[in-house]
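With the first letter of the sequence shown counted as 1, position 196 gets the number 262 in our numbering; the numbers rise by one all the way through.
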Amino acid sequence: MEHESHEEPHRGRLASSFDNVGDHIRASLDRIVAHCAEEFDCPISLVSLIKSTEQSVLASFGIEIGDVALETSFCYHAVESEKPLIVADAHDDTRFSENEYVLGAPHIRSYMGYPIRHSAGAFVGALCIIDSRPNRFTPGNLSKLETYARVIEDILELHTKNLESQELAREVHDQNHRLLTSNRILHQAEAVAKMGGWELEIGSDQLKWSDGTQSIFESRRTEGGSLKSSIQRYEPADQRKIEALCEEAIRSGTPFDFETDLFLAGGRQKRVRIAAERIEAEGTHPARLVGVVQDVSETFHSRMALRHAAEHDSLTGLHNRFAFDRLLQQRLSTSQELHDTVAVLLIDLDGFKDVNDAVGHVVGDIILETVAERIGKATPEGGFAARWGGDEFAIVLPPGISNAGAETIGRHLIEQLRYRSEISGHLIELGATGGLAIGTGGTSVKELVRRADTALYHGKKRDPGKVHVYEAGLERANIARQYALNEVRTAIREDRIFPGYQPVVELRTGRLVGFEALMRLTSRTGRRITATEVLPALLDPTLSREVSTCMIEHVSTEFAELDRCAPALDFVSINASEADLLASGFAAQFIAQMRAKRVNLSRITLEVTETMLLVDNTQAVRRVLSELRDNGVGIALDDFGTGYSSLSHLRDFPIDKVKIDGSFIQSMVNDQHASKIVRALIGMANSMGLGVIAEGVETETQSRMLQQMGCLLGQGFLFGHAEGLSRLTGGRYRDHKLQAVSSAA
């Protein structure tokens with residue numbers, strides 16, 4: 067690529083003038099690119115500067131990158147063409163398809179850049195947004211990106227004007243005699259838009275104004291009146307500060323630069339910047355204070371609007387997560403100095419997903435706006451609220467609040483968020499659950515929010531619709547959950563999950579009729595872990611689906627070997643999760659996997675629990691089970707007798723077996739009520755033509771009682787533990803019959 071344009075040296079010099087912008091400007095630009103990334107839902111946004119031979123980065127979000135050769139710069143093309151650039155898919159664009167940043171990290175696919183013009187006229191860089199996904203940006207996005215680019219130009223123009231003002235101040239300092247004779251500072255200052263000069267002869271209280279200053283103050287007098295009367299036109303809270311700056315400049319010669327509000331007739335106001343320094347006496351010219359005043363209202367309001375946009379949620383108007391973290395950190399720092407407590411309340415809406423599914427996201431957004439308004443009104447003075455994400459909100463309560471006071475406010479907020487309305491024929495009912503954590507200044511933002519989130523998580527599971535306070539005891543459950551999640555995730559990744567096959571036998575003869583495939587995993591240390599030990603992970607919808615996929619693959623692959631180990635085998639059952647039954651395409655995938663391994667579907671049983679039949683979307687569950695049953699898969703209702711479902715579910719769902727929960731079996735010998743319940747369940751299932759399997763059979767006495775009650779099949783430690791395939795190949799099941807084993811087997 068050649069770079070011989072005569073414009074480039076000039077552009078390079080202008081671009082380099084922004085290398086040393088102040089921290090406040092960088093902070094503003096950082097907020098803009100962060101907001102652009104959020105606004106356009108992309109991982110990367112940056113402001114580039116195109117110099118003579120390389121591209122540098124002035125602000126970035128989502129990427130840390132140094133100088134880049136122009137040969138690999140996307141932004142160079144936007145600047146060189148002096149118009150916006152959209153790359154739908156860099157893989158298909160010959161200009162970029164071999165680019166190292168396309169082939170390697172950050173794997174650029176989509177790009178949209180808007181060139182940024184220097185106030186001197188040349189294009190010096192670009193505001194761009196980047197995504198590793200193709201076709202993310204369209205010409206319809208350009209107007210929004212242009213708005214941000216124009217604001218960046220305003221900010222950079224302010225920097226340029228600041229440099230000019232600083233140059234003027236240096237001229238004041240270096241060339242006192244020239245400025246005293248020609249009043250040059252005033253003429254140079256007024257050459258800058260909306261800027262004027264002023265001077266105060268030391269020992270006098272009378273100000274002299276240039277034409278530019280008269281315009282800013284909307285006065286027709288060249289005499290500015292007294293210093294005191296002029297200062298009284300500024301923001302009252304800043305007047306003492308300005309007075310002290312003037313006094314210090316007169317006394318010691320220390321220059322100052324200050325920004326404040328100027329109040330005009332009719333209650334109007336402007337944002338102005340004041341800068342001044344002392345000029346020493348020379349010859350007949352007395353010492354004086356010389357300065358400039360600049361109307362920065364437009365830039366100030368643009369900066370404030372951008373800051374508001376960068377720190378507030380665009381839908382609800384509440385603070386966003388970025389601003390919440392910053393404000394909470396400030397509150398914690400202050401509380402540490404004052405030895406106060408800080409209370410954080412996280413609120414999650416109950417049932418909001420169902421609302422979105424029922425009436426759509428547009429109505430859902432309206433409800434979120436209503437919820438945010440109620441939260442804003444109910445948040446007491448001294449507190450602040452934010453939209454934490456999705457249907458979750460975060461509130462910091464007033465400083466120093468007591469535990470009881472925080473709970474009272476929390477309950478009031480939860481009460482205010484109860485929502486009931488009929489929309490488009492749908493009855494909409496919403497509630498909310500809160501998690502409250504109280505800390506001190508020594509607590510970090512991350513830790514305090516984590517505690518509130520822990521309280522919220524356990525509260526939604528245990529007792530939704532209330533405020534739950536964090537307590538140390540929750541950590542044990544949280545640690546157990548994190549252990550389970552980590553153990554299962556790594557086991558899936560490292561292929562350490564396997565089925566343990568527990569035998570199902572004919573109670574009267576001891577004949578092996580089937581196996582239940584129970585989830586087992588081997589820890590990194592070689593210990594075998596049961597599903598009970600990692601139950602919190604199996605309640606996670608995503609992980610439970612991944613575990614089911616592993617189990618189905620193992621069982622389908624191992625079925626032929628199971629047949630060889632146990633020639634009399636009638637069926638193998640696999641447990642399903644709620645997430646499986648609600649997942650799109652689960653039945654089809656299940657059937658396809660079994661057929662791919664040539665497994666006869668009539669020899670496979672899917673076990674579901676009663677609680678799975680109580681989900682809101684029962685139609686989806688019924689469709690999945692019916693599709694499986696129609697293809698020959700048996701359906702067993704597990705843990706029968708312990709759930710909350712109606713007996714009508716036995717009629718309404720395609721169930722052909724029930725498995726009586728082991729808790730009844732283990733207590734029926736000594737508990738007459740349990741014995742009657744077991745007898746009733748067996749009788750009812752037999753009368754409905756359903757197969758019955760008694761779980762948890764551990765003694766010969768239990769086995770005999772079950773036979774007397776009419777139960778044909780049993781499963782439990784009396785007949786064997788769940789074993790991996792490798793431990794089933796010893797010939798134990800080849801004689802078709804299984805003798806009772808001790809509980810230590």
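Don't be surprised by glycine CBs; every beta carbon is placed ideally from N, CA and C.
Computed from a predicted structure; not experimentally measured.
Compare the beta carbon distance of I480 and E488 with 8 Å and say whether it is the shorter of the two. Not closer than 8 Å, so no.
Looking at C-beta atoms only, is the number of pairs between the segment 389 to 396 and the segment 275 to 294 that lie closer than 8 Å three or more? Flag = no, the segment 389 to 396 and the segment 275 to 294 do not touch.
According to DSSP, is M261 helix, strand or coil? The three-state secondary structure of M261, taken from DSSP, is strand.
Would you mind working out which of A538, P530, K527 sits nearest I504, comparing C-alpha positions? Closest by alpha carbon: A538.
Can you give the Cα-Cα distance for R484 and E435, rounded to whole angstroms? Cα to Cα, the separation comes out at about 14 Å.
Checking 8 Å against the spacing of the C-beta atoms, do K117 and G78 come in under that value? Yes; because the gap between Cβ atoms is below 8 Å, this pair is in contact.
Near D416, what residues of its chain come up, given a Cβ to Cβ distance below 8 Å and the 5 sequence neighbours on each side ignored? Only residues of its own chain outside the window of five on either side were considered, and among them L496, G497, A498, T499, K526, P530, G531 have a CB closer than 8 Å to the CB of D416, listed in chain order.
Just to confirm my understanding: we take T226, look at its own chain, exclude 5 residues before and 5 after, and list those with CB closer than 6 Å. What are they? S185.
Note down, in chain order, each residue of its chain lying with its Cβ closer than 7 Å to the Cβ of R559, except the 5 sequence neighbours on either side. Nothing meets the Cβ criterion.
L151 versus E212 - alpha carbon distance: Cα to Cα, L151 sits roughly 12 Å from E212.
Looking only at its chain, what residues have a beta carbon closer than 6 Å to the beta carbon of H143, apart from the 5 residues adjacent to it on each side? Within the same chain, and ignoring the five residues on either side of H143 in sequence, the residues whose Cβ sits closer than 6 Å to its Cβ are L151.
Going by other Cβ atoms of all chains shown within 10 Å of its Cβ, with 16 needed for buried, is M771 buried or exposed? A residue is called buried when at least 16 other Cβ atoms come within 10 angstroms of its Cβ; M771 meets this threshold and is buried.
V428 classed as buried or exposed, judged by whether at least 16 other C-beta atoms fall within 10 angstroms: In the assembly as shown, V428 is an exposed residue. Its beta-carbon has fewer than 16 other beta-carbons within 10 Å.
For P172 versus I129, is the C-beta distance shorter than 8 Å? If you check the CB distance, P172 and I129 come in under 8 Å.
Of the choices R586, G501, L224, D629, whose alpha-carbon is the least far from that of N641? It is R586.
With Y177 as the anchor, note down where its beta strand (DSSP E) starts and where it stops. Where Y177 is concerned, the enclosing beta strand (DSSP E) starts and stops at 176 to 183.
Distance, Cα to Cα, A811 vs Q781? Caution is warranted here: a pLDDT of 35 is assigned to A811, below 50, making its placement in the model unreliable, and the coordinate value is therefore given only provisionally. Using only the alpha carbons, I get a separation of about 14 Å.
Three-state secondary structure assigned by DSSP to P446: For P446, the three-state secondary structure derived from DSSP is coil.
Identify the residues that DSSP records as bridge partners of D361: which are they? Beta-bridge pairing links D361 to V338.
For the segment 458 to 465 against the segment 441 to 450, are there 3 or more C-beta pairs whose distance is under 8 Å? Counting Cβ pairs under 8 Å, three or more are found: they touch.
Rounded to the nearest angstrom, what separates K419 and I433 at their Cα positions? The alpha-carbon atoms of K419 and I433 are separated by roughly 12 Å.
Any non-hydrogen atom of the ligand SAM closer than 7 Å to T765 Cβ: Absence of the ligand SAM is noted for the structure shown, with no ligands found whatsoever.
Contact under 8 Å by Cβ, A583 with V638: Yes.
Within the segment 292 to 361, note down every full alpha helix (DSSP H) run reaching 4 residues or more, in order along the chain. Segments of the alpha helix (DSSP H) lying fully in the segment 292 to 361: 293 to 297, 302 to 318.
Quick one: measure Cβ to Cβ for I670 and G707, integer angstroms, because I've assumed they're closer than 8 Å. The Cβ separation is near 24 Å, so there is no contact.
Straight-line CA distance for T247 to P109? Low confidence applies to T247: its pLDDT is 48, below 50, so where it sits in the model is not reliable, and the reading given next is rough at best. About 57 Å.
Return the bridge partner residues of S487 from the DSSP annotation. According to DSSP, S487 bridges with I494.
Sub-8 Å separation of Y177 and T138 beta-carbons: It is not a contact, given that the beta carbons lie outside the stated cut-off.
Below 6 Å CB to CB, which residues in the same chain sit around L476 once its five sequence neighbours on both sides are set aside? The sequence given here has Gly at residue 476, not Leu. These residues qualify, in order along the chain: L411, G500, L502, V533.
Note the first and the last residue of the continuous beta strand (DSSP E) segment covering L579. The displayed chain sequence assigns Val, not Leu, to residue 579. Looking at the DSSP string, the run of the beta strand (DSSP E) that includes V579 is 578 to 588.
Hey, which unbroken runs of the alpha helix (DSSP H) at 4 residues or more fall wholly within the segment 501 to 553? Those alpha helix (DSSP H) runs which fall completely within the segment 501 to 553 and span 4+ residues are 511 to 528.
Start and end of the beta strand (DSSP E) containing C631? The continuous stretches of beta strand (DSSP E) do not include C631, which lies in the alpha helix (DSSP H) extending over residues 607 to 631.
As a quick exercise: from L778, T119, R97, pick the residue whose alpha carbon is nearest that of L112. If we check each option's Cα against that of L112, R97 comes out closest.
Provide the residue span of the alpha helix (DSSP H) that contains A154, from first to last. Segment: none, A154 is in no alpha helix (DSSP H) and carries neither H nor E.
K725: buried (16+ other C-beta within 10 angstroms of its C-beta) or exposed? With 16 or more other Cβ atoms within 10 Å, it is buried.
Nearest to I563 (by Cα), restricted to the options T326, A521, T615: When the alpha-carbon of I563 is set against those of T326, A521, T615, the nearest one is in T615.
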